[in-house]
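Notes to accompany the following structure.
In this note's numbering, the protein residues as written are 253 to 363.
Here you go:
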């Protein structure tokens, strides 16, 4: 089952936008990263080059980053976040759940 996250997600009482667009791409390239959780502005950013399993895995990783910030006082190390998100991704995959960004917007606003 594909779950579209293009409208954002809720982490506790906070709404996080999920972004995958050209402005996001520039921001990620500047940081040499493929995904980023901006807890200050409540945004999850994922490269436009990722789809399918890569998108889903990166999305779960950035969600764990949001949980770490909101519920764990940022006490988890990045390696722990990575291990936890990889395990959760495999669990979700075994249940047939994959996250997607279904709202691909081109220059003129088409889907």
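Think of the CB as a built atom: it goes at the ideal place given N, C-alpha and C, for glycine as much as any other residue.
Straight-line gap, residue i to residue j (C-alpha atoms, nearest Å)
i, j, result
"residue 328", "residue 258", "27 Å"
"residue 332", "residue 355", "31 Å"
"residue 301", "residue 291", "23 Å"
Buried versus exposed call for residue i [16 or more other C-beta atoms within 10 Å across all chains shown]
i, result
"residue 278", "exposed"
"residue 313", "buried"
"residue 353", "buried"
"residue 266", "exposed"
"residue 263", "buried"
"residue 305", "exposed"
"residue 346", "exposed"
"residue 324", "exposed"
"residue 272", "buried"
"residue 275", "exposed"
"residue 282", "exposed"
"residue 255", "exposed"
Simplified DSSP assignment, three categories, for residue i
i, result
"residue 353", "coil"
"residue 259", "coil"
"residue 339", "helix"
"residue 293", "coil"
"residue 327", "coil"
"residue 361", "Residue placement at residue 361 is flagged as unreliable, the pLDDT there being 35, under the threshold of 50; the coordinate-derived value follows with that caveat. Correct three-state label for residue 361: coil."
Whole-Å CB distance - residue i paired with residue j, under 8 Å assumed
i, j, result
"residue 351", "residue 307", "7 Å"
"residue 341", "residue 320", "Not confirmed; about 16 Å, so no contact."
Distance cut-off 7 Å: residue i Cβ against heavy atoms of the ligand HEM
i, result
"residue 254", "Annotation note on the ligand HEM: not contained in the displayed structure, which lists no ligands."
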